[in-house]
Structures are given as structure tokens and as C-alpha cells.
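Residue numbers (our numbering), protein chains in the order written: chain C, 50 to 373; chain R, 239 to 620. A virtual CB, placed ideally from N, CA and C, is assigned to each residue, including glycine. Comments concern the structure below.
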């Protein structure tokens, strides 16, 4: 806060003498490098683990396999030992991080764990033809690490591994590109996983067991569920109205959740996915080809529906702000 | 000159400051509420996510409305593009003024999108097939961008104006002849430095205090511009793609640029530390990394993955050392945070990790070290 404003607020008796002193003191405080140092650590870990992965990929035939496995395993174990020593241990509630560096070392350890598992499977065929085990074992370890060390980044990795186990890619940029949603098995797997994650989020909150993880579970759940249901609606062309009815159910639940938790993010995501479903229904209901009138209707639909949604979001922004 | 009430802008600024102080724990909830009541703000600035959604929906509406106008116009005449563009431009700007004046939209997503479309349609009106078309486009972007920045105190428009201006200078050099092309990196550097000086003197004046965000944006843009304009990689790439005559990069020229690539980040970092100016550090360090990458690009004496590992190690060590060193406040800097990160940001960090770790789900039958098809990497998409 600017010095002139602090003075002004104090003169108008809008802040107390203690607050005035604290704000004055705050002006002399040093510049925080917190975000910068965290970004540096984070980028360093991502860069390092990527480098390790590439070096293995490119030199698979020239480096001794035993040496590679030993080095990665040693690095991975060292990371976990460091974290066990430097962190307070398991708690069912949210833990305030006392050692930020350990959080990043845990992230590095988990990334190396994944590299090690993939390497062992592809080079030594450790899990044989049971490819599911290659994703299941790291998934279990990642979930354990996420819950023990209370790390949301590792939890995101564990959930992604869970999805991979079910054959779905849920990494943000891969969810549309790498999934073949014309495969009904994938659509159903996505729905089951989405509902499952939603239930885990509910249970986490209900039993207050790592309740702060519910946001991450729900975030994956909402995208997975809506994308799978939309894919179902597009795939089963003759049953699209039934699939649309299925979409209305999570829309209703997510809408209520967003309003009850005052979450702008979930509100926006729910509105946009439902909008896509509505647009599809309109496209199916208005005849498409050989009709200029229908083409004009589509354009008018997008303009009118866009304006309607804008008004709806503006209204709910006010509602959520009033109750915030 | 700006479209908003000075009281509203001032009150919003005080409310923002009070909100930040409350988040840091310097103000009680009661005091924060009292400040909000004493400094009421009629400006409408929705939540960040709502803003993104409003922008997206506004893009949908304007795009389809423009398509509708074009369809209607084409059904009556074939040669009416300029007229339609002018008509849509008028509507966009009219709506922008209406929303800002009547509805008090301020960074609401809708006004920002309308500003962008106003520029697009305005530039479209003057689009022609003349030999100086590129300069025309720059001017028709530059003028409305400056106006919109001044009128709506919009920092993004300040950035657009800066980019349009620099491109304009670049194109002037291109049209002026070979000698200007050769010295264009230095001309752009000087222009950026001049703009930096101008924004600094304007920022100090109290009557321009509402343009604080615009000046900050301009400062970031000009400081980045000074470095980018002399980056060897950028200069050689631009000379290959933009300037048809190509900049004849001699050895001395090349070395001069490389020296500047090293000196500029060093100066930024040193100045940032001495003057406690974080913005110089935030531009200086990435610029230094960019210089290292540029050197590697021209002299790849070790493979990329080694760079990744070495770079990663240096970053981890630097991050850790920085945390330890600045733990107890040194040289006016601290490693501690005054505010906690919100959960959306924490989730974003998790998602970036996931994206980098799970690029592809391994399919059955894939062979490590191979390509996407058989033939030991003999196919084109290996």
C-alpha cells in the first residue's frame, strides 16, 4: 500500500493505530523473491528429470542397463530419504510446509520413480505382459507419497497414473489428442473414473480426511466426466438425447457445488461444457444441409445463446460476490 | 481523457491495496470492510475465471455477428467488404463506449475483447494490396491501440501499441534500404530505450497515476525489447524470414551482438540487485538463460539432454542457495512470502507437472528407443 494512502486511511480512522504501524513497517519490508525462487526450483526439477529421460531414451544401447537403473534408483531413493528426514510425516489434515525444498525434492523423486518403472518394464520386462502392473505399482506408490507427504502435485501425478491404468490420458494437453473417444470402452472408463473421483472428493470432505485434496479430485473428475459424456453423446448418434439427459445430472451437481462453495472456476467449467452439449442438441434439431435458413439460424443461435450466457455469468458473478 | 470516473479508479485502487494488505494479515476484516464502504467503487470487474468465460463468449458473439453481417451484405452486393468492416468497427467501438460509460465495465473480459476486435476491424478497413500494405497495417493498429490505451487505461493495449510501433520501425528500416536493415537491431534497441525513458518520466507524474498498469506493461515490454532486438538467434531468424535482402551478418557484427547478449542481462541483474527492482531481475535472469540457449544453438558442443541436466542442476542449486541465502533478508530481498498462493495456482503447478511427466500413455507393443513405425527409425516420422 502506498504511504499516502496509509496516512489518508489512518486520518479518516478507517484503520487502527496498530494497523497503521504495521502497514508503515510493511513499506520498509524487503522485496519477496518467494515466487521467483520457487519457479527456479520447479523449472530446474522439470528440466533435470526431462534430461534424464532423454538421455536414457537416446543412449539405451550404449550405456549399461544396470548402471542406468542403479543411478536412477539411487537418486530416487535419496530423494525419498531426504523427504522422510525433512518433513513432519503423515497427518489426516492439511500440513503447513516447513521445508519447501523438500517438497520439490519429493516431486523430483516421484518423477524419477516413473522413469525407473517405465525403464524397468521396457528394458527388463519386469511385469511381463501384465502392462497394467507397470502403471498400478507407481500409482500406489504415488498415492502413498501424496498422502504421507501431503503433496498436491504428487496427487495430480497419482490420479493421472490411475487414469493411465484405466487406459485414459488425462494430462491437460493430451486428454483430447491421445484418447480415442470413438472407442465405447474408453467412454465408459472415463465416466466411471470421473464419478469415482467425484465420490472420493465427497468422502474426503465428509470424513475430513485430507479434505484439501478434494479440489484436485474434483478438478480431474469434472473434466473427465464431461468430456466422456460429451463423447458418448457424439458417438451414440441415435441416443444423443439420452446422453444429454446424463450430462444434465453432473451439470446439476456441479452447479450446486459451485454455488455452495462460491467457486467461480467450477461454475465457469460447468457452464461451458453444458453449453457445448446444448449447442450439439440445437445442431441436431435444426436441419443442417441444403437449407440456407438453417445456416442463418445457427449463426443467430450462437449470437443469442452467447449473449444469454454472458448475462447469466454476470448475474452469478454478482450472486457469488454477495455471498463471498 | 480516460473514460472512467477518477473517483472510481482511485477508490478501486485503494480497495485493491486494502485487499492485498488484508490477505497479508496487516488489516483486519473489519477495517477492510470499513475501507470498502468509505471508498465505494462502481466499476464492474468480475472474477478472473468469469472474465475468461466472458471473453470467450464475447468472441463467439462478435465472430458470428460479423459472419451474419457479411452474409447479409454479400447477398446484396459483392464489393462491400470495407463498408461492412467499417459498420462492425463502429458497432464494436460503440458497444465498448456504452459498456464502459453505462455499465462501468473495467477489465471485465467483454471490454477487453471488444478493444481487440475494434483494432482488428479498424485495421481491416485500411487493408489493401499496395506495396506499403505492411506499414499501413502497423499504423492502423498503432493509432487505435494508443487511443484505446489512453481512453480505457488498458495495459494490454499498451503492449499492442509497443509491438505495433516496433514492427513499424522494423518495416521502415526494411523499406529504407540495406544499411538501415543492417543496423535495425540497434535502432530498435534505441527506440525501446527511448520509450522506457518516456514511460519513466510519465509514470512519475501524479496526473497519470491511473495509467500505472500501462506504464508497468510498457516497462516490461521495452526492457524485454532491448534484449530481444539484439538476440543473435532472433536477428538471424528475422533476417531470414522478414527482410528479403537478408542482413549480411559479418563476424564483427555477430560478435558485437553476442557481447550485447551477455552484457544486457548482466546489467539488468546488477541494476535489479543494487536498486531493489525485481522487474529487472525477472527480465535479467530469463534473458541470461536465453543467451545460454542462443550460444548452445550456434555452438552445440554438448548434446541437448546434457544441457537439460546441467541447467536443471544449476537451477536447483541456485533455487536452494537463494532460499537459504535470502531466508533472513539480505540486500533488501527475502525468500519469504507475504501472501499464500491460492489453490487454483497450486493446482496449476500440479497440472504442469502432470503434463511434463505424462506426455503419452504407452500403448501395448511400443518399443523403447524406436519410432512410431518399424524399420529401425527409417521412416519419415521417426
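- According to the DSSP assignment, residue 289 (chain R) belongs to the alpha helix (DSSP H) that extends over 286–314.
- The shortest C-alpha to C-alpha distance from residue 217 (chain C) to any of C:301, C:284, C:181 and C:202 is the one to C:181.
- For residue 334 (chain C) and residue 275 (chain C), the gap between their C-alpha atoms comes out near 21 Å.
- As computed with DSSP, residue 81 (chain C) is found in a beta bridge with R:572.
- The bridge partners DSSP lists for residue 343 (chain R) are R:282.
- The DSSP-derived three-state label of residue 240 (chain R) is coil.
- In this structure, the alpha-carbon of residue 369 (chain R) lies about 50 Å from that of residue 315 (chain C).
- Between residue 172 (chain C) and residue 164 (chain C), the alpha-carbon positions lie close to 12 Å from each other.
- Contacts with chain C at 8 Å (Cβ-Cβ) include residue 348 (chain R).
- With a threshold of 16 other beta carbon atoms within 10 Å, residue 285 (chain C) falls short and is exposed.
- Counting along the chain, residue 187 (chain C) sits inside the alpha helix (DSSP H) bounded by residues 180–198.
- Take the alpha-carbon of residue 326 (chain C) and the one of residue 320 (chain C): they are about 10 Å apart.
- The contact set of residue 96 (chain C) on chain R, defined by CB atoms closer than 7 Å, consists of 546, 549, 550 and 553 in chain order.
- Selection R:545, R:500, R:512 and R:542 evaluated against residue 79 (chain C) yields R:512 as nearest (Cα-Cα).
- Within 9 Å of the CB of residue 284 (chain R), the CB atoms of chain C belong to 313, 362, 363, 366, 367 and 370, in sequence order along the chain.
- Nearest CB-CB separation between residue 144 (chain C) and chain R: not below the 8 Å threshold.
- The residues 364, in chain order, have a CB closer than 6 Å to that of residue 374 (chain R) in the same chain once the five nearest residues on each side in sequence are set aside.
- Around the Cβ of residue 380 (chain R), a 10 Å sphere holds 16 or more other Cβ atoms; the residue is buried.
- Under the Cβ distance rule, residue 438 (chain R) does not count among the residues neighbouring chain C, no pair being separated by less than 8 Å.
- At a cut-off of 8 Å between beta-carbon atoms, residue 535 (chain R) makes no contact with chain C.
- Rounded to the nearest whole angstrom, the CA to CA distance from residue 421 (chain R) to residue 414 (chain R) is 11 Å.
- Distance between residue 384 (chain R) and residue 504 (chain R), taken at the CA atoms: about 32 Å.
- DSSP places residue 265 (chain R) outside both helix and strand once states are collapsed to three, so it counts as coil.
- Contact between residue 97 (chain C) and residue 555 (chain R) does not hold, since the beta-carbon distance rounds to 11 Å and is not under 8 Å.
- DSSP places residue 504 (chain R) in the uninterrupted alpha helix (DSSP H) bounded by 489–513.
- At a beta-carbon threshold of 7 Å, the residues of chain C lying near residue 561 (chain R) are 86, 149 and 150, ordered along the chain.
- At a cut-off of 8 Å between beta carbons, residue 79 (chain C) contacts chain R.
- Counting of Cβ neighbours within 10 angstroms places residue 327 (chain R) among the buried residues, the total reaching 16 or more.
- The criterion of a C-beta distance shorter than 8 Å is satisfied by residue 389 (chain R) and residue 239 (chain R).
- Below 8 Å, too few C-beta pairs join the stretch 176–196 of chain C and the stretch 231–241 of chain C to call them touching: fewer than three.
- With a beta-carbon spacing of about 13 Å, residue 502 (chain R) and residue 519 (chain R) fall beyond the 8 Å limit used to define contacts.
- Counting only runs that start and end inside the stretch 299–372 of chain C, there is no beta strand (DSSP E) element of at least 3 residues.
- Sequence-distant partners of residue 353 (chain R) (beyond 5 residues in either direction) whose C-beta falls short of 7 Å from its own C-beta, in its chain, are 334, 386, 390, 392 and 395.
- Residues of chain C with a Cβ closer than 7 Å to the Cβ of residue 273 (chain R) are, in chain order, 58 and 63.
- For residue 256 (chain C), the three-state secondary structure derived from DSSP is coil.
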